[in-house]
Amino acid sequence: MSKKQQPSTINRINQLNLEIDYEKLADAIVKAQEKAKQEKDEPKEKTSVPTAIWRIIKGKESKDGRYLSASLAIIVSMVFRLLALLGTVTVVTIDVFAIKNYIDSGWQGWQIACNIVLIVVVLMITVAAFLCLLFLWGAANDVEHEKDKYFLINVFSGLVSAAALVVAIIALSKGT
């Protein structure tokens with residue numbers, strides 16, 4: 008039996024220069040920071056709605072995908088605000104009916120303590136729901152001012168998939 012000969016790797020490194028020129032590195036870092044600061048400080052060109060409409064009709068491209076970003080930001084922020092408003096109306100309606108139901112129920116004996124505890128629980132849940140709805144409204148404000156089109160596309164895709172999930176759950180519940 009003969010052994011298989013494995014190829015051997017021959018590395019010949021005569022000279023390896025591992026020195027770093029820290030002055031060049033520092034200059035490059037400073038230049039990059041100055042460039043980033045200049046780009047951040049530059050005033051962004053604001054386009055009015057009629058001007059934007061005219062540019063779209065003429066077929067001119069936007070710089071940095073501003074039309075896509077603006078349209079997605081408006082759609083997503085409107086959906087968030089609509090959800091916040093619908094949630095507020097729902098919470099207020101449930102609270103009014105729940106408290107009215109507790110007030111109209113019997114207030115004799117042990118029911119007094121039970122009704123007071125239930126009203127306090129309903130009010131605590133209401134405060135928590137209003138805080139969540141307030142955060143949703145704040146998210147709408149953040150999305151409206153967002154300029155990163157890839158982030159907006161991801162948020163929009165998340166909203167569409169959540170809506171599809173709700174429709175699928177409703178369809179499954181009606182089918183049974």
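Anchor point for the sequence shown: position 129 equals 136 in my numbering, and the numbering is continuous, going up by one each time. Here a beta-carbon is modelled for each residue, glycine too, at the ideal position from N, C-alpha and C. For clarity, every value in this text was computed on a predicted model and none was experimentally measured.
Across the structure, Leu172 and Val96 are spaced so that their CA atoms are roughly 23 Å apart.
Here Ser84 is buried. Its C-beta has 16 or more other C-beta atoms within 10 Å.
Approximately 19 Å separates the beta-carbon atoms of Val86 and Phe137; this is outside 8 Å, ruling out the contact. Taking a C-beta distance under 9 Å as the contact criterion, Lys181 and Ser76 do not qualify as a contact pair. In this structure, Gly94 keeps its C-beta atom at 9 Å or more from the C-beta atom of Leu130.
The residue from Ala120, Lys38, Leu125 with its alpha-carbon nearest to that of Phe104 is Leu125.
The three-state secondary structure of Trp61, taken from DSSP, is helix. With respect to Ala91, Leu166 sits apart: the two C-beta atoms are not nearer than 9 Å. DSSP places Glu153 in the coil class of the three-state scheme, outside both helix and strand.
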